[in-house]
Every structure is written in structure tokens, then in C-alpha cells.
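Per this note's numbering, residue 747 is the first one in the sequence shown, and the count goes up by one each step. Accompanying notes for the structure given below.
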Amino acid sequence: MIEIPVNIPGQPTSVLVYRGALESFAAVLKTHGTATLPRRALVCFDRNCAVHANHAVRTLRAEGVAVSEFGLEATESAKSVRAVETIWDAALAARLDRGDCLVAIGGGIIGDLVGFAAATYLRGIRVIQVPTTLLAMVDAAIGGKTGVNRTLPDGGLGKNLVGAFWQPSITIVDANTLRTLGKRELRAGLAECVKHGLIADLELFHDIRKNADALSNNDTTAIDRLLPRAILVKTAIVARDPLERGERAKLNLGHTFGHAIETLPLSSGNLLHGEAVAIGICAAATTAKSMEMINADEQTAITNTLASCGLPQRFEGTTTVDDVLRRMGFDKKNEGGKLKLILPRGLGACEIVSEPPESAVREGLRAIGIHS
Ligand code: GLY
747 MIEIPVNIPG QPTSVLVYRG ALESFAAVLK THGTATLPRR ALVCFDRNCA VHANHAVRTL
807 RAEGVAVSEF GLEATESAKS VRAVETIWDA ALAARLDRGD CLVAIGGGII GDLVGFAAAT
867 YLRGIRVIQV PTTLLAMVDA AIGGKTGVNR TLPDGGLGKN LVGAFWQPSI TIVDANTLRT
927 LGKRELRAGL AECVKHGLIA DLELFHDIRK NADALSNNDT TAIDRLLPRA ILVKTAIVAR
987 DPLERGERAK LNLGHTFGHA IETLPLSSGN LLHGEAVAIG ICAAATTAKS MEMINADEQT
1047 AITNTLASCG LPQRFEGTTT VDDVLRRMGF DKKNEGGKLK LILPRGLGAC EIVSEPPESA
1107 VREGLRAIGI HS
């Protein structure tokens, strides 16, 4: 068991990495980290994760906690204000007050939805995050970003456009839950781990490359070695910049490209978020190479590492460079009229680049198979 404190001024929280934690969930809350046992709890879970939720519910009830349960659909289209309303109403029906808490058991969609419901119910009650996907364990369930999607004026999906920063009272990472995760989803989570290595931990980056097979097969030793390192990259950044005023934006490496292609249909179905991030990292690497921020060997190391994790490096759908540039905000710019991209500077470090040259970005898009 490893407990990682996240020292956010005024909102200290922690991440507990503990295989088997769900089977002694109530005891864990009593004895570890920044959470305590509530009087009442609403346990919200991805309907595909009922088996994990049952463990938590059983141990809480055994300790006398009044528990209500609420199953949710974990799809991007169900990540809506309507779903948040159903959580508010379930919390009202369970008579939760400010001293009580919500528990979110599932992947990033569930954590975002339940976290946002917690941030707004009674103007804010505690939430305990229990991520069950690798992606949520190392990224989404840490750092307090919560929210829902909205439909854009042009009919497109606007991801996470409404939300709040609301730190969990604790994030409990039980890697046993990965046993029920599909291989494709596990690999998608590895994309965020590669991202964390590239941002700030070169040894983590090389470790993923060396152990890619074992990691893709959910090997216990490899996963247990990976989790704390990948989590530490995130917790360190969040503690320094909880509200994303600066450095936290580095966690979006690959995301500006990734978001622009993530919601586009493919003939073979949609990309998972982590897969879109992997392709986005490849585009960022080519853009960085063209700006001489990384060299050819470093670019190859990035693409090879993603490939060894079984992650895609090209977008296999139909779109154009101009359409993707528009989706990235090149037509209207973003913050303060300036487009920002996160790009690697060598391996193990990255920079927030304001107004990158469009020609370099176009090169990045061509490298992932998008042509005019
Ligand atoms: N997933 C990026 C962040 O939490 O800032």
C-alpha cells in the first residue's frame, strides 16, 4: 500500500494505491488518508462495475453506514446535466446532508459526473473517487476536474465544457479492479502513462517501453510498479497548480490534437479517449520535431513506445487538415486569442507553446495520416 499526499493549499487530499482496498473499503476510510467514514453515503457506479461497488457497499453497511446505491451509464452521450440531475435526486432521496458523501466507482466518465454532482449538491459535499480504469487511476480521478459534455452550436460534442474543480476527499486506487477491464481499455490507459513519462519522468517512459507486453497483459508486478510513478507525476503537478493557471496544462500533452479527432467517426467505431491521446502525442511529436524541440531519435522513441503498447499512431477516419485545424481552434484561437499547444522538449520534459507555427502543426497532422 502506498499513500501519496496531494498538498493542495486549503484542500489537502491523497491517493491511496492499495490492491484489494475495495474489499476492506470501510476500514480503509477509517484508517487511511484524508477521508473519514460518513454517516450516509450514495455509492454511484458504472453499471458494468456493480461487482466492485458491491464490495464497498457491503463493508460500509457492516460499519453501520446508511448506503444507497445508484448505477449509471458510462458513455460520452450520457455524460450530461441530465445524468447529474439524477444523481442530485438520488442524493436527495437518500437524505444526504453536508456531512455525508458520494462515492464514484468507475472510469473517467463516472468520476467526472459524480464529482460534478458532489461539487454542486448542497453547494458541495465530499466525494470519494474509486477509479476502475487505468486511465482514471493515473489521471482522471486525481486533481478534482469534474464536469459534463454539452452539444455545440454546430451539433458537435463539446467535451467537458461545463464543470468545476472539486477535489476528492481521497482517491482509492485498487488495481484488482483492472481484472475486469478489457485489453483495449487497459492500453488506452497506458497512453496517459506514456504522457506522464514524457512530461516529467524519463525513467517511467523507458520502463513502459521495456514492460509494454506485461503492462498490456495486466501483469501484477508491472502494473504495481507503474501506478505510483505515473500517479506521482500527476499529483506533483496538481499540488503546484490545482486550478490550471499554468503548469497543469502540461497534462494536456496530445490532447488538443486528440480532442479534435476523438469525436470523429471511424469506419471501425469510435476512438477511445486514450487512443485519441496516443495519436495526438504522435502529432505533437512531429510538430515538436519540426520546431527542433526534439530530434529524430526522440521522435522515434515516442512512436515506438506507443506502438509497443499496441496504441494507434494514425487517424484512420475521413477528415481534412483544415477541418482538424478548425477543431483545434486555429480559426478562432483559444485563451486570450492565442493558441496554446503542449509539446515535448526532449524526452521527460515539455513546454506550453503559445502560437506554434501553423506549418509545423500541419506537418504534425500529416504525420498521423490527415491530408488536405
Ligand atoms: N487530465 C488533465 C488534468 O487533470 O489536468
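In this text, a Cβ means the ideal position worked out from N, Cα and C, and glycines have one as well. Here the structure is a predicted model, which means the values were calculated and not measured.
Based on DSSP bridge pairs, tell me the residues matched to PRO1090.
The residue you call residue 1090 lines up with position 344 of the sequence shown. PRO1090 pairs with CYS1096.
For a test of the three-state rule: what should DSSP assign to ASN963, helix, strand or coil?
Within the sequence shown, numbered from 1, the residue matching residue 963 stands at position 217. Three-state result, ASN963: coil.
Let me confirm a value: ALA808 is counted as buried when at least 16 other C-beta atoms fall within 10 Å, else exposed. Which label applies?
Translated into positions along the sequence shown, residue 808 becomes position 62. The residue in question, ALA808, is exposed, as its Cβ has fewer than 16 Cβ neighbours within 10 Å.
Can you give the beta carbon distance from ILE833 to ALA796, rounded, assuming they're within the 8 Å contact cut?
Within the sequence shown, the letter at position 87 stands for residue 833. Within the sequence shown, the letter at position 50 stands for residue 796. So it is not a contact: roughly 17 Å between Cβ atoms.
Name the DSSP beta bridge partners of VAL940, please?
Along the sequence shown, one-based indexing puts residue 940 at 194. According to DSSP, which records beta bridges pairwise, VAL940 is partnered with nothing at all.
Measuring straight from C-alpha to C-alpha, what distance separates HIS1005 and VAL1023?
Taking the first residue of the sequence shown as position 1, residue 1005 is located at position 259. Taking the first residue of the sequence shown as position 1, residue 1023 is located at position 277. HIS1005 and VAL1023: Cα-Cα distance of roughly 8 Å.
Does the segment 949-959 come close enough to the segment 1045-1058 to have 3 or more Cβ pairs within less than 8 Å?
yes
Does the distance from the C-beta atom of VAL884 to that of GLY943 stay below 8 Å?
For the purposes of this step, residue 884 is identified with residue 138 of the sequence shown, where counting begins at 1. For the purposes of this step, residue 943 is identified with residue 197 of the sequence shown, where counting begins at 1. No, the Cβ-Cβ distance between VAL884 and GLY943 is not below 8 Å.
Exposed unless 16 or more other CB atoms sit within 10 angstroms - verdict on SER823
On the sequence shown, position 77 is the one that residue 823 refers to. By the neighbour-count rule (16 or more Cβ atoms within 10 Å), SER823 is not buried but exposed.
Using the Cα positions of THR1066 and ALA773, report the straight-line distance between them to the nearest angstrom.
Translated into positions along the sequence shown, residue 1066 becomes position 320. Translated into positions along the sequence shown, residue 773 becomes position 27. Roughly 54 Å separates the two Cα atoms.
Does the distance between the C-beta of LYS905 and the nearest non-hydrogen atom of the ligand GLY fall short of 7 Å?
The residue given as residue 905 occupies position 159 in the sequence shown. No, the ligand GLY has no heavy atom inside 7 Å of this Cβ.
Mind checking whether the beta-carbon of ARG994 lies closer than 7 Å to any heavy atom of the ligand GLY?
Taking the first residue of the sequence shown as 1, we reach residue 994 at position 248. Answer for ARG994: yes, Cβ within range of the ligand GLY.
Pair within 8 Å by beta-carbon distance, GLY1063 and LEU1012
What you label residue 1063 is simply residue 317 of the sequence shown in a count that begins at 1. What you label residue 1012 is simply residue 266 of the sequence shown in a count that begins at 1. Yes; because the gap between Cβ atoms is below 8 Å, this pair is in contact.
Please list, in chain order, all residues of the same chain as SER1118 whose beta carbon is under 8 Å from its beta carbon, the five residues on each side excluded.
Residue mapping note: residue 1118 aligns to position 372 of the sequence shown, counting from 1. The answer, listed in chain order, is THR1066, VAL1067, ASP1068.
Verify the CB distance criterion: does VAL1023 have a CB-CB separation below 8 Å to chain D?
Protein chains in the displayed structure number just one, and chain D is not present.
Restricting to Cα atoms, I'd like to know which of ALA1034, GLY909, GLY853 is closest to ALA887.
Indexing the sequence shown from 1 puts residue 887 at position 141. The residue with the shortest Cα to Cα distance from ALA887 is GLY853.
Taking the alpha carbon of PHE911 as the reference point, which residue from LEU880, LEU859, CYS939, LYS941 has its own alpha carbon closest?
Indexing the sequence shown from 1 puts residue 911 at position 165. PHE911 has its Cα closest to that of LEU859, out of LEU880, LEU859, CYS939, LYS941.
Neighbour-count burial assignment, ALA995, 16 or more Cβ in a 10 Å radius:
The residue labelled residue 995 in the question sits at position 249 within the sequence shown. It counts as buried.
Supposed close pair VAL979, ASP947 - CB separation, criterion 8 Å
Stepping through the sequence shown from its first residue, residue 979 is reached at position 233. Stepping through the sequence shown from its first residue, residue 947 is reached at position 201. Contact flag correct, Cβ pair sits at about 5 Å.
Cβ atoms of LEU1093 and ALA1042: under 8 Å apart, would you say?
Within the sequence shown, the letter at position 296 stands for residue 1042. Within the sequence shown, the letter at position 347 stands for residue 1093. Going by C-beta atoms, ALA1042 is not nearer than 8 Å to LEU1093.
Would you report the Cα separation of ALA1034 and ARG1091, rounded to the nearest angstrom?
For this step, residue 1034 is matched to residue 288 along the sequence shown. For this step, residue 1091 is matched to residue 345 along the sequence shown. Their Cα atoms are separated by approximately 7 Å.
How long is the line joining the alpha carbons of LEU848 and VAL789, rounded to whole angstroms?
As a first step, residue 848 must be located in the sequence shown, where it is residue number 102. As a first step, residue 789 must be located in the sequence shown, where it is residue number 43. Each residue's Cα considered, the two are about 6 Å apart.
Give the DSSP-derived three-state secondary structure of ILE954 in the structure shown.
By 1-based counting over the sequence shown, the position of residue 954 is 208. If DSSP states are grouped into helix, strand and coil, ILE954 belongs with the helices.
Specify the secondary structure class of GLU993 as computed by DSSP and reduced to three states.
As a first step, residue 993 is located in the sequence shown; it is residue number 247 there, counting from the start. Looking at GLU993 - three-state DSSP - the assignment turns out to be helix.
With distances taken Cα to Cα, identify the nearest neighbour of GLY1020 among ALA1030, ILE750, ALA1029, GLU1008.
Residue 1020 sits at position 274 when you count from the first residue of the sequence shown. If we check each option's Cα against that of GLY1020, GLU1008 comes out closest.
Does the beta-carbon distance from THR897 to GLY889 come in below 8 Å?
For the purposes of this step, residue 897 is taken as the residue at position 151 of the sequence shown. For the purposes of this step, residue 889 is taken as the residue at position 143 of the sequence shown. It is not a contact, given that the beta carbons lie outside the stated cut-off.
On the three-state DSSP scale, how would you describe PHE911?
Numbered from 1 along the sequence shown, position 165 holds the residue referred to as residue 911. Here PHE911 sits in strand by DSSP.
What are the partner residues of VAL763, as DSSP defines its beta bridges?
The sequence position of residue 763 within the sequence shown is 17, counting from 1. In the DSSP assignment, VAL763 is bridged to ILE748, VAL919.
By the three-class DSSP mapping on this structure, what secondary structure does CYS1055 have?
Here residue 1055 corresponds to residue number 309 of the sequence shown, with the count starting at 1. CYS1055 carries a coil assignment under DSSP once its states are collapsed to helix, strand and coil.
Mapping DSSP to helix, strand and coil, what is SER1118?
Here the question's residue 1118 lines up with position 372 in the sequence shown. Note: SER1118 maps to coil in three-state DSSP.
If we count Cβ pairs, one from each stretch, closer than 8 Å, do we get three or more for the segment 871-881 versus the segment 915-926?
Per the Cβ contact rule, the segment 871-881 is in contact with the segment 915-926 (3 or more Cβ pairs under 8 Å).
In angstroms with no decimal places, state the Cα-to-Cα distance between PHE771 and LEU806.
If you number the sequence shown from 1, residue 771 lands on position 25. If you number the sequence shown from 1, residue 806 lands on position 60. Taking the straight line joining both Cα atoms gives about 7 Å.
Using the C-alpha atoms, what's the distance from LEU924 back to ASN800?
Position 54 of the sequence shown holds residue 800. Position 178 of the sequence shown holds residue 924. Spanning the two alpha carbons is a distance of roughly 16 Å.
Could you tell me if the beta carbon of LYS891 falls within a distance shorter than 7 Å of some heavy atom in the ligand GLY?
Counting from 1 along the sequence shown, the entry for residue 891 is found at position 145. Within the cutoff, so yes.
On the DSSP bridge assignment, give the partners of GLU815 in chain order.
By one-based count along the sequence shown, residue 815 stands at place 69. GLU815 is bridged to VAL789.
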